[in-house]
Amino acid sequence: MNNLSEDRYFDPAHRDLARQLYEPIKDLPLICPHGHVDPAMLAAMHYEYGTPVDLLIIPDHYIFRMLYSQGIALEALGIPRKDGTAVESDHRKIWQTFAENWHLFRGTPTGIWLRDELADVFGISEKLTADSAQSIYDQIAEKLAQPEFQPRRLFERFNIEVLATTDHATSTLKYHQDLKDSGWTGRVIPTFRPDALVNLDTDGWRENIQRLSEVSGIDVHDYRSFISALEQRRAFFKQMGATATDHAARSAYTERLSDVEANTIFQSALKGESLKGESSARADATRFRGHMLIEMARMSSEDGLVMQLHIGSYRNHNPQILERFGRDMGADIPIASEFTRGLVPLLDAFGNQAGLNIILFTLDEAAYSRELAPLAGHYPALKLGPPWWFFDSLYGMRRFFETVVETAGLYNPAGFNDDTRAYPSIAARHDVWRRASADWVASLLRRSIIDREDAEAMMHDLAYGLAKSAYKL
Amino acid sequence: MNNLSEDRYFDPAHRDLARQLYEPIKDLPLICPHGHVDPAMLAAMHYEYGTPVDLLIIPDHYIFRMLYSQGIALEALGIPRKDGTAVESDHRKIWQTFAENWHLFRGTPTGIWLRDELADVFGISEKLTADSAQSIYDQIAEKLAQPEFQPRRLFERFNIEVLATTDHATSTLKYHQDLKDSGWTGRVIPTFRPDALVNLDTDGWRENIQRLSEVSGIDVHDYRSFISALEQRRAFFKQMGATATDHAARSAYTERLSDVEANTIFQSALKGESLKGESSARADATRFRGHMLIEMARMSSEDGLVMQLHIGSYRNHNPQILERFGRDMGADIPIASEFTRGLVPLLDAFGNQAGLNIILFTLDEAAYSRELAPLAGHYPALKLGPPWWFFDSLYGMRRFFETVVETAGLYNPAGFNDDTRAYPSIAARHDVWRRASADWVASLLRRSIIDREDAEAMMHDLAYGLAKSAYKL
Amino acid sequence: MNNLSEDRYFDPAHRDLARQLYEPIKDLPLICPHGHVDPAMLAAMHYEYGTPVDLLIIPDHYIFRMLYSQGIALEALGIPRKDGTAVESDHRKIWQTFAENWHLFRGTPTGIWLRDELADVFGISEKLTADSAQSIYDQIAEKLAQPEFQPRRLFERFNIEVLATTDHATSTLKYHQDLKDSGWTGRVIPTFRPDALVNLDTDGWRENIQRLSEVSGIDVHDYRSFISALEQRRAFFKQMGATATDHAARSAYTERLSDVEANTIFQSALKGESLKGESSARADATRFRGHMLIEMARMSSEDGLVMQLHIGSYRNHNPQILERFGRDMGADIPIASEFTRGLVPLLDAFGNQAGLNIILFTLDEAAYSRELAPLAGHYPALKLGPPWWFFDSLYGMRRFFETVVETAGLYNPAGFNDDTRAYPSIAARHDVWRRASADWVASLLRRSIIDREDAEAMMHDLAYGLAKSAYKL
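What follows is the structure, encoded as structure tokens:
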């Protein structure tokens, strides 16, 4: 079946219309303003992908979480253990296991991305099955060894106009510097992510602060020097091409602390104290994080960096997986999220500032129509990120369009971003969005909600213009 | 494009069916049991609309909130400031700004209503663009000056059977009396809204109580006289034609206080005390409001007035907008709402009373299938209002139908109301509902969920019967 | 209209495809792993159904709640009162009332089930109306008297492969034993439901514990003997054919208590103490229930019984109905539900255990995409029950498919169960699921999300394989 239908994902009832809307925008350059591609991959003169399993399974928690949910041990999939215990190292065997369980991905975005990627990037026309597994493995491996599959060549082939990575606030951005120095013209920019500094309860927080002092050249010994060091880093990132920052928080709670309060909490954390007991320290961390979100908005209002806010993931829900394999292992689970009350202090301070872009992401779809669209449909500073994580899917996109746009319009959403670390899937992900967009816009057009002229303009904005503008690219 | 399609909003896959269902009900009289039309408009022998901007933009927070969200200052749209600072007074310039940003309303109900209204009410066949803006302005202005565009003529042209206004409980209903006295036969009735008396934390509450004493002729000095005065006002409203009351509350929390407790809180508020501190006063206000909702249900169970309950808006979310421009400026944001637990005391007291109609509205669509449809599908006294505010849209209606009717049936919902203060849009709003109804009923019919006979009966009920019966009109 | 369309519930836009997918699976045996059929009905050599009202109205709270919501007293529908007050006993009159209000069920699953059942089980081709009511009553009554309508004959006619009942943990399973002894080969198995023992605030809890001592032969006098007695009962149920347990809880809160704490709470309840006051006793009951859910998971991890968890019903919401008519009278209302945090202790202990099946059910659809699909898409022990109660409907199923499968895949859901006590409706309920499945799978196929081979496999799994496997049947 890997002769992919030209009209895939379109409702056949308006196939022709959708195709007409999709055709003019399908080859527009890709704007990739948020994702987790490793800049080292693009900085390398010759990058070694390793095996198909190294490329497609071991780094992709979308894939191995599903296999794990069906009782397949992560060790059997080659996921490295923190304690160094040996795991399955026969990648052909892992690939075979994957192929034999490929039915688990029927109807999932992971299934769609990989199928489209195998066909469009690797030119594989067979369906992945137990029988075809090894042949497909060989074909992928063969392709990966070819010069035209090197990351920069794929970047060009995908027609990426700009790709933003996500980088620790303490990063020296060495690979970004290497990229600049290499003379290659692909635009790869960093994104400033200070979570590990701003969340006092991060593992190794004091080491992170130490590192911040080192890279910023500012001795971080109190709240004031902490703020200065963060400002120094933001300036550095901006100079290196960054246009945005990124923040993840379990909740959208914000609170303005006085400098004295902020300093007291900061100093206490610096000393490793939790004098007031465990739960009070947690409360302090929450308040400090809420305060720092406002501070980050303040800095964005000054330096113009777009502020991304990813809300609502209960990270490392499965302690056994965390202990054995570490973070980002498919065990982050969403929770109900509240924005209307939580953001009051932040929005009171900076919500009315035109030119400031704060982009909100949620894992609680109930908030789309209830809170996010009304908020973004009022505050000049707010925009809405595309459907995130589990909802970056055909039906997830449809629900986003249907619940957000009637209230927020098309111009408060921030277009698409692929949010991926699975580099070769980037084109497939954008294509799914563009097809989903065409399908939705076609449904508006055929019901005479909009006219043809509007439809065409909306397609261009969805595929290209919104992301470029929201991220100031 | 303003040659509007006869079949707009229908899924073309069942266009013929939808048209057949729509045709017999499209010209039924309009039942308008809830809205915010100013009765003075209809009482006036000759009403001056002002400019197209006075009519269509300045009073419509649906429109200016969207422009504001994109960085256009409210001052630039002619919205008057509380402090009297001059704002843009060139209405042609404001209209031009609006037209240049008309793309913001693509796919929104505001866009649909205005487009349909321009075509159907004003007979304008051009699309609103930067180029056509001034010509359209002229055409609207010209029409507004014609006698057939006077409010009563539009009332007749729209074929409104009854229109309810929303009136402060302390209103003398002067304009309603004028209307009665005028001999005009259009049925315009008041609705009793006591929020500003019942919510102790309302700005100017004590002045409102003072006013209540004056208009009721009852010296309101304690809880008992407060209740008597409210009863007096309800009787007056009823005598003036009211069939319903209206209540807005942030949450559906209800609680039965003893008369002593109620009186203590009331007296304390009357004295302007907040002896127990700010947050305790807030808690008292919440409890008092929760108690008064039960009292209002009690009065409804006695005088037969339908009780509307609008739940879940966080009013005046943006303090800067509140301070500069006042209330109802597009900065009211929904919050998550809970009905199942909150309504227990009220429903225990009055939920089983057949003949009592309590109509619930929500801004939290997650509550449709989870709480509201099951509650309304059980309690004789409960009915569900149509999709409200942000959800009074094509997809909002579809979600309402799909999540409510399977559990609550079609006869616990209360039909449609347009909830508008944008008078000339009334017909367009009802038409959107009628078309959305036809589209949904057609989809049930073509899947053989219902038969033709059922479908036709449902259409009549949706367009006319349900609202008339739920509001006792 | 009771000449039911062969293609009912399919979107006509893909009617042929849906029919092709439905055809091969429509006659597969029915797997009924969860429901409330009375085993006495099947154990009886000759079962007396009583009148059509005894069969179809009096036991069915889906039906009488809707009539009640429109102001028809339960007494008028023949629902027996707890105090023995006489209620309507003229079943023809009750049936007439029902028929005259049949329009209330337009577009509801109740309406669909009954219509399909009248046509397919009773061979009635007329539509239920005021005019046809008595004739239909006669036809049903006539059929019920025929040998081929005896429960075992219907079981065979419906092609039920296995039917699980739901039984109190203290049941002697006498009827199941009778069934075994009868030599009839129909597979009817019990399900272990210990709610009335595990929820300390159950009415008559101490009598239930007394009964537990009697049937288990273990003197339950402390927490340890309580656990032993429960284990004894589970072993007995398992030996009688049970493959599953069932647990209902208002919330998914779990907490591990120490044995000492658990014993203290248990002993206190046994003594009827609520020394620490009412609200503290409630808190204790909640904590104990949360602890026992973990204990039940522990036992399931040892004895292999599948654990069903039904979360989120606020039982007996209407105290007047409870007092007059008792439990399960259509007055149970859903509440917002939280799983991500609540299940942490349970999942930390047993979530990673492959082979353990814990099946979650929700009444809060917002949790589908936000919590349940991500949880089930990660934890080996978790599966998702089908849309439950109010959501066991055409649109409810569609929402389940669309919000669950993209994240959890098709193999973490547990297929369908009919959850009914309305025995003759079983076939109709499975047919609705099978048609809804075909309709959804057809929509994936025509959009090229899956291929034909996948579609056919998914149909078989949805109709048969998933339930059989999830319930270890």
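Chains as they are written, first to last, in the numbering used here: chain A, 1 to 473; chain B, 1001 to 1473; chain C, 2001 to 2473.
Beta carbons are placed, not taken as given, at the ideal position from N, Cα and C, and that holds for glycine.
These numbers come from a predicted model, not from an experiment.
In the pairwise beta carbon analysis, the stretch 431–443 of chain A is classified as not touching the stretch 205–221 of chain A: fewer than three pairs are separated by under 8 Å. Boundaries for GLU255 (chain A): no beta strand (DSSP E) harbours it, and the DSSP string shows neither H nor E there. Take ALA354 (chain A), set aside five residues on each side of it, and the residues of its chain with a beta-carbon closer than 6 Å to its own are PRO380, in chain order. Within the model, the alpha-carbon separation for SER1132 (chain B) versus HIS1103 (chain B) is close to 14 Å. Only buried fits THR407 (chain A), as 16 or more other CB atoms lie within 10 angstroms of its CB. Distance check between ALA2414 (chain C) and each of C:SER2393, C:GLY2183, C:ARG2019 and C:ILE2358 places C:ILE2358 closest, using alpha-carbon atoms only.
Taking 8 Å as the CB threshold, ASN352 (chain A) lines the interface with chain B. By the neighbour-count criterion, in which a residue is buried when 16 or more other Cβ atoms sit within 10 angstroms of its Cβ, ALA1366 (chain B) is buried. For the stretch 358–373 of chain A, the beta-carbon criterion of a distance under 8 Å to any beta-carbon of chain C is satisfied by LEU363, ASP364, GLU365 and ALA366. Within 8 Å of the CB of MET397 (chain A), no CB atom of chain C is found; the nearest one sits about 10 Å away. Membership of MET1397 (chain B) in the alpha helix (DSSP H) is indicated by the continuous run 1394–1408. If you draw a straight line from the Cα of LEU2056 (chain C) to the Cα of ILE2112 (chain C), it comes to about 14 Å. Residues of chain C whose Cβ lies closer than 7 Å to the Cβ of THR1407 (chain B) are, in chain order, PHE2390. Contact annotation, TYR1314 (chain B) with ILE1294 (chain B): C-beta distance approximately 23 Å; criterion of less than 8 Å not satisfied. Rounded to the nearest whole angstrom, the CA to CA distance from PRO345 (chain A) to ARG398 (chain A) is 32 Å. Straight-line spacing of the CA atoms in LEU2154 (chain C) and ILE2160 (chain C) works out to 9 Å. LYS2082 (chain C) carries a coil assignment under DSSP once its states are collapsed to helix, strand and coil. Taking a C-beta distance under 8 Å as the contact criterion, ALA244 (chain A) and ALA164 (chain A) qualify as a contact pair. Those residues of the stretch 2077–2094 of chain C placed with their C-beta closer than 7 Å to a C-beta in chain A do not exist. Against chain A, the CB of ALA2040 (chain C) has no partner CB under 8 Å away; the residue lies outside that interface. Pairing ILE31 (chain A) with LEU473 (chain A) gives a Cβ-Cβ distance under 8 Å. Interface annotation, ILE2136 (chain C): not in contact with chain A, CB-CB separation never under 8 Å. If one requires a minimum length of 4 residues, the alpha helix (DSSP H) runs lying completely within the stretch 1298–1331 of chain B are 1319–1325, in chain order. Following the DSSP letters along the chain, one finds PHE1361 (chain B) inside the beta strand (DSSP E) bounded by residues 1358–1362. Taking a Cβ-Cβ cut-off of 7 Å, the neighbours of GLU2402 (chain C) in chain A comprise TYR395, given in sequence order.
Separation of the CB atoms of ARG193 (chain A) and ASP246 (chain A) is rounded to 5 Å, and the pair is thereby assigned contact status at 8 Å.
In this structure, the straight-line span from the alpha carbon of ILE124 (chain A) to that of LEU2021 (chain C) is close to 28 Å. Excluding the 5 residues flanking it on each side, TYR2368 (chain C) has same chain C-beta neighbours closer than 6 Å at THR2403 and VAL2404, in chain order.
For TYR2009 (chain C), the closest alpha carbon among the candidates C:GLU2453, C:ALA2457 and C:TRP2440 is that of C:TRP2440. Looking from the CA of LYS2383 (chain C), the closest CA among C:ALA2428, C:LEU2394 and C:LEU2347 belongs to C:LEU2347.
ASP1364 (chain B) places its beta carbon 8 Å or farther from that of SER1393 (chain B). Annotation: the continuous alpha helix (DSSP H) that includes ILE1209 (chain B) extends over 1205–1216. Note on ASP83 (chain A): under 16 other CB atoms within 10 angstroms of its CB, so exposed under the neighbour-count rule. Residue contact with chain A for TYR1009 (chain B): present (Cβ-Cβ distance below 8 Å to some residue of chain A). According to DSSP, residue pairing for ILE1160 (chain B) in a beta bridge involves B:LEU1030.
Rounded to the nearest whole angstrom, the CA to CA distance from ASP1461 (chain B) to ALA1455 (chain B) is 10 Å.
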